[in-house]
Amino acid sequence: MTRPLIEDRSFLRHFWHPVCTRQELEAAHPSGRGPMAVTLLGEKLVVANLGGKIVAMQDRCAHRFAALSKGSVDGDKLRCNYHGWRYDAGGRAVHIPACPEQPIPRKAVATAYECEVRYDLVWVRLDSSWQCTEIPYFSEWEQPGMRNVVVPSYVWNTASERRWENFTDLSHFAFVHPGTLYDPAYDRPPIPAVDRVDGEMRFAIEPPPEMLENLPQNCPIGSFTYRCAMPYSINLVIRLYRDDTTFTLWTTSSPIDETHCRNFLIIARAEKDDDPDHQHIAFQKLVLQEDQPIIESQWPAEISMEEVSLVTDKVSNQYRKWLRELSIAAAQGKDAFVKALHTSVTDSASLPTV
Ligand code: FES
Ligand SMILES: [Fe+2]
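So the mapping is simple: my numbering equals the position in the sequence shown, first residue as 1, plus 302.
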């Protein structure tokens, strides 16, 4: 028997999470406007473009509970395809074909959630009662001279925490990615200073530049700077050893439920001649294929109290500690949650400078 490290996951509803890429929404239906079914934190949602406004609401018609994602977009309304009720962008039923003269029942509503498009991704916040979280930071979006590629999202059979930890795990490179991302001779990981700043975990590492000789041309090796907006985003800026340009991997793991996550990846790099996108996408895919079977083998899918931690697991240890604090603080109320999220803890200031 294992005990989950995070018992109460309701705090996650206060954060913004991506649910699909803009392109995925456009491809979901021949209209280019959806509707599209997605799941976030166990809630079934429908996303649609209603008259130019992208909206997210509960994927259930108030009438006889048919899925609205089986319906269709009609101008700026979403129509249920069972009996034709039409909903506006706020989730209110505004037309009931069976009895148009009757007043519309007050409860004829599909709960609408806050929804925004940023970085070509559709973001949803399920609980807006505290208004105390932002869409995560991405350093390179719309920066001049940078090229961004939004990769199609992908689902892994694991919790978002495990996906996040895998992406920031400094000990696994030599074992899971020998010759792809890392030289297996360097199997002793660095232990960085880990700061909490304004809702982000920040740390940096400098892999040995000598590794460059034994790694493929596409491998983005350089000095790594991580800014990780809690709970599931990572903005990894790599200053490439090869040519001193910037290469950024931005990723967010979106919790479908406790044991599945949908993952978003944007590759950003300095514009160069003769540097096609597909090479970078293929390289990242290869790395993902190396990680996925190991990460999906971790069981249970949720992170657990009984796992044995080492000092070299510092990033993951700090992450788990913060997640737990956020979960507990949220149960105490908004003030405690805001304090737990935004109080800075600067580990780097307390370390001796060398
Ligand atoms: S179930 Fe949607 S209109 Fe009847
Ligand atoms: Fe990996």
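Cβ coordinates follow ideal geometry from the N, Cα and C atoms, glycine included.
- In the structure shown, the three-state DSSP call for R465 is helix.
- About 5 Å separates the beta carbons of S441 and N537, which is inside the 8 Å limit, making them a contact pair.
- The C-alpha of K409 is placed about 18 Å away from the C-alpha of K379.
- Of the residues F585, G377, D485 and C417, the one whose Cα lies closest to the Cα of H319 is C417.
- Within the region 389-427, the runs of beta strand (DSSP E) at least 3 residues long that lie entirely inside it are, in chain order, 395-397, 414-420 and 423-427.
- Shortest Cα-Cα distance from T527 to any of Y534, N520, L542 and S431 involves L542.
- For ligand 1, a non-hydrogen atom lies closer than 8 Å to the CB of G386.
- Rounded to the nearest whole angstrom, the CA to CA distance from E467 to E502 is 15 Å.
- As a beta-bridge residue in DSSP terms, Y528 pairs with F505 and L538.
- Inter-residue distance for A330 and V321 is about 13 Å (C-alpha atoms, whole angstroms).
- In this structure, the straight-line span from the alpha carbon of D649 to that of Y389 is close to 51 Å.
- Where Q600 is concerned, there is no enclosing beta strand (DSSP E), because DSSP gives it neither an H nor an E.
- Residue side-chain check: A339 keeps its Cβ at 8 Å or more from all non-hydrogen atoms of ligand 1.
- In the DSSP secondary-structure assignment, W318 is bridged to R427.
- Taken from the Cβ of C363, at least one heavy atom of ligand 1 lies inside 8 Å.
- Per DSSP, the beta bridge partners of E345 are L342.
- For A358, the uninterrupted beta strand (DSSP E) segment begins and ends at K355 to Q360.
- When secondary structure is reduced to three states using DSSP, A350 falls in the strand class.
- Rounded to whole angstroms, R464 and G386 show a C-alpha spacing of 42 Å.
- The region 607-617 and the region 484-501 touch, with three or more beta-carbon pairs separated by less than 8 Å.
- Secondary structure note for D637: its alpha helix (DSSP H) is the uninterrupted segment K636 to H644.
- The beta carbon of C382 sits closer than 8 Å to at least one heavy atom of ligand 1.
- Between V451 and I569, the C-beta spacing is below 9 Å.
- In this structure, Y415 places its C-beta atom within 9 Å of the C-beta atom of V426.
- Taking one beta carbon from each stretch, the region 330-345 and the region 357-372 have 3 or more pairs nearer than 8 Å; the two touch.
- Around the beta carbon of V610, fewer than 16 other beta carbons lie within 10 angstroms, which makes this residue exposed.
- Beta-bridge annotation (DSSP): Y439 is not paired with any residue.
- Taking all protein chains in view, the Cβ of Y456 is surrounded by fewer than 16 other Cβ atoms within 10 Å, so the residue is classified as exposed.
- Across the set S431, A350 and A603, the C-alpha of A350 shows the shortest separation from the C-alpha of A391.
- Nearest Cα to S599 within the set T460, D429 and C401: T460.
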